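Number of protein chains: 2
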Amino acid sequence: VTKKGATKTARGPTKGSETRQLVVALALQIAAREGLSALSIGRLAKELRMSKSGLFLHFGSKEKLESAVLELARLQLFSHILKPIEAAGLQGIERVWALCDFWMDFSEHGPLRGGYFFTGAFFRSAKINGPIPRQIRRVVRDWMDLLVEALKQARRSDEIRPSVDTEEAAFDLNSILIGAQWALLMTGRDYTKARSAILSHLRSLATDEIPDRAFESVKTWKAYLKNRRVPADR
Amino acid sequence: VTKKGATKTARGPTKGSETRQLVVALALQIAAREGLSALSIGRLAKELRMSKSGLFLHFGSKEKLESAVLELARLQLFSHILKPIEAAGLQGIERVWALCDFWMDFSEHGPLRGGYFFTGAFFRSAKINGPIPRQIRRVVRDWMDLLVEALKQARRSDEIRPSVDTEEAAFDLNSILIGAQWALLMTGRDYTKARSAILSHLRSLATDEIPDRAFESVKTWKAYLKNRRVPADR
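So the sequence lines, in the order shown, correspond to chains A and B. Taking our numbering, the leading residue of the first sequence gets 1, the next gets one more, and so forth. Taking our numbering, the leading residue of the second sequence gets 1, the next gets one more, and so forth.
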C-alpha cells in the first residue's frame with residue numbers, strides 16, 4: 001500500500017486525472033446520444049475495460065460523474081460559441097447573429113454531433129428537483145443570458161430598436177433554434193432555412209442603422225458584416 | 001391456487017385490466033414529470049403497494065410498461081386536441097389555429113400539467129434505436145402530419161396562399177409551440193404571447209380571403225372565427 005501510495009504521489013495525479021478526463025469524455029458521447037440516464041458505472045466500466053471499483057474511485061458516485069459530464073458539455077458548448085466571437089471582438093447585432101450561428105454550427109459540427117444534449121436534458125429536467133437538474137437549468141439560463149446581454153448591447157449601440165423586449169427576443173431566437181434542431185432530428189436536413197429565419201427575425205428587430213438590403217439573404221448579410229469590419233479610417 | 005384461479009376467471013380479467021390501467025396512469029404521471037427512464041418496476045410497486053412480481057404479471061417487462069404509458073400519453077394528447085376540433089367540424093385556417101391552440105391548452109391544462117412529455121422524449125430519443133424511441137418518433141410524426149394535412153386543406157380551400165410550403169409552415173408553427181413550452185418551463189409564464197405569435201404566423205400564410213383586421217389580436221381573431229361560423233343563409 002505504501003509503495004502504491006508513493007507511486008500515486010509521484011505520477012498518480014496526472015495519470016488519474018487523464019483517466020478521469022477519458023471517462024468523462026466517453027460518458028459524454030453516450031449521454032449526448034442516449035441521455036444522462038444511460039450512464040451507468042457498469043456500462044462505462046465495460047466500454048473502458050476498467051473495473052467498476054476503479055471507476056468508483058475516480059468519481060465516488062453516479063451523480064458526481066453526471067455532474068462532470070454536464071460540466072464538460074457546458075465547456076464544449078460555450079467555448080465553441082464564444083471563442084470565435086471573443087477572438088473577433090464581435091459586438092452589436094453581429095454578436096447576436098454570431099451566437100445563433102455558432103449554436104447551430106455546434107449542433108451540426110461540434111464534438112457532440114446532433115448536439116441536442118441540453119435541449120433534451122432541459123425539457124426532461126425542467127420540473128425535477130436535485131443538483132443535476134439544477135445544473136442543467138443553469139446552463140440553459142446562461143445561454144439565454146448570453147443572448148439577452150448581446151441583444152441589450154446591440155440596443156444600446158442603436159442597432160436594435162429601443163422598443164425591443166430583449167428577453168422576448170431571446171426566447172424568439174431560441175424558438176427558431178430548437179425548432180430547427182427538431183426538424184434536423186426529424187428529417188436530417190441542415191440549418192440553411194433556420195439561418196434565414198434568424199436573419200428575418202433580426203431584420204424585424206433592427207434599426208435603420210443597418211441597411212435593409214443587408215437582410216436580403218444570408219449571403220448579403222455575411223457580405224455586409226465582412227464589409228463593415230474593414231476599419232473606416234483606412 | 002385453484003380457488004384463486006377460479007376467482008380470477010370469474011372477475012379477474014376486469015379487475016386485472018383495471019389494475020393495469022391504474023398502473024399505467026400512475027406511471028404516466030411519473031414519466032411526464034421525470035421521463036420514461038424514471039419508471040422502474042420497483043418504484044411503481046412501492047407507490048402502488050403492490051408486489052414486484054404482481055406488477056411483472058401485468059406487463060411482462062419494463063419495455064411493455066413503457067409502451068403502454070406512451071400509448072396512453074398519445075391518446076390523451078390527440079383526444080384533447082382532436083375531439084373539440086372534430087366535434088365542431090373545424091376546417092381551413094381555423095383548423096390549423098385550433099390544432100396549435102389546443103396543443104397549448106393540453107400543455108397548460110391537460111392531464112399532464114407542464115405537458116412537455118413528448119417534446120423531451122423526442123429530443124432524447126431521436127437518435128436511439130429500438131421500439132420505444134420508434135414509438136415516440138411515430139407520435140411526433142403523427143402530430144406533424146396533422147399540422148401538414150390541416151395546412152394543405154386550408155390551402156385547397158384558398159385560405160392559405162398556394163405558394164406556402166406546408167411542411168415548412170408546420171415546422172415553423174411547431175417551433176413557436178416548443179419554444180413557448182421552453183419559456184413556460186423556464187419562467188412559468190403562460191402561452192399568451194405564443195398565441196399571438198401563432199396568429200402572426202398564420203397572417204403571413206393567409207390569402208385575402210381572410211380579412212386582415214381579423215389578425216389584429218387573438219381577441220379579434222376569435223371574434224372573426226365566431227362570426228364566420230354563423231350560417232350565411234340565415
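Ideal Cβ positions, reconstructed from N, Cα and C, are used throughout, including at glycine. Quick caveat, the model's predicted, so the values are computed rather than measured.
For residue j and residue i, the rounded distance between their alpha carbons
i      : j      : result
D29/A  : K127/B : Inspection of the sequence shows that residue 29/A is occupied by Gln rather than by Asp. The alpha-carbon atoms of Q29/A and K127/B are separated by roughly 12 angstroms.
K3/A   : F123/A : Residue placement at K3/A cannot be trusted, given a pLDDT of 46 that sits under 50; the coordinates are not used to answer.
R156/B : Q91/B  : 11 angstroms
R43/B  : R20/B  : 15 angstroms
A68/A  : F117/A : 14 angstroms
A206/A : K222/B : 31 angstroms
S125/B : T192/A : 24 angstroms
A87/A  : D158/A : 23 angstroms
K226/A : G130/B : 47 angstroms
A214/A : V218/B : 33 angstroms
S79/B  : R74/A  : 39 angstroms
R228/A : S200/A : 20 angstroms
V139/A : G188/A : 26 angstroms
E18/A  : T166/A : 42 angstroms
R141/B : Q181/B : 18 angstroms
W97/B  : K64/A  : 46 angstroms
E34/A  : G110/B : 28 angstroms
M186/A : K83/B  : 27 angstroms
V230/B : Y224/B : 10 angstroms
E216/B : D212/A : 25 angstroms
Beta-carbon spacing of residue i, residue j below 8 angstroms
i      : j      : result
S53/A  : I176/B : no
L146/A : L99/A  : yes
I85/B  : F106/B : no
L77/B  : A25/B  : no
I270/B : T220/B : The requested residue 270/B does not occur in the structure, where chain B is confined to residues 1 to 234.
I132/B : E209/B : no
M104/B : R195/B : yes
H58/B  : G89/B  : no
Q135/A : L70/A  : yes
E108/B : D190/B : yes
L112/A : A169/A : no
Helix, strand or coil at residue i according to DSSP, with G and I counted as helix
i      : result
G160/A : In the sequence on display, residue 160/A carries Ile and not Gly. Of the three classes helix, strand and coil, the one that applies to I160/A here is strand, per DSSP.
Q88/B  : Note on identity: in this sequence residue 88/B is Ala, with Gln being the wrong assignment. Looking at A88/B - three-state DSSP - the assignment turns out to be coil, as it is neither helix nor strand.
A206/B : strand
E63/B  : helix
R11/B  : With a pLDDT of 49 at R11/B, under the threshold of 50, the predicted position of this residue should be treated as unreliable, though the coordinate-derived value follows. Note: R11/B maps to helix in three-state DSSP.
R234/A : In this prediction, R234/A scores a pLDDT of 48, lower than 50, which makes its location untrustworthy; the coordinate-derived value is nonetheless stated afterwards. R234/A falls in the coil class under three-state DSSP.
K127/B : coil
M144/A : helix
Y224/A : helix
M186/B : helix
R134/B : helix
L39/A  : coil
R49/B  : coil
L112/A : coil
E34/B  : helix
Sequence-distant residues of its chain with Cβ nearer than 7 angstroms to residue i (five each side left out)
i     : result
A45/A : S51, K52 and L55
V23/A : L44, L48, L55 and H58
I93/A : A154, E159, I160, L202, A206 and I210
A27/B : L39, L44, L65 and V69
Cut-off 8 angstroms between Cβ atoms - residues of its own chain near residue i, not counting five sequence neighbours on either side
i      : result
K62/B  : L39, S40 and I41
R95/B  : I85, A150, Q153 and A154
R137/A : F122, S125 and A126
Own chain, CB closer than 6 angstroms to residue i, minus 5 neighbours either side, in chain order
i      : result
T9/B   : Unreliable placement is indicated for T9/B, whose pLDDT of 46 sits below 50; the coordinate value is still reported in the next sentence. Nothing meets the Cβ criterion.
A197/B : I176
F102/A : I81
G60/A  : none
Report yes or no: do three or more beta-carbon pairs, one from the segment 153-173 of chain B and one from the segment 146-156 of chain A, lie closer than 8 angstroms? no
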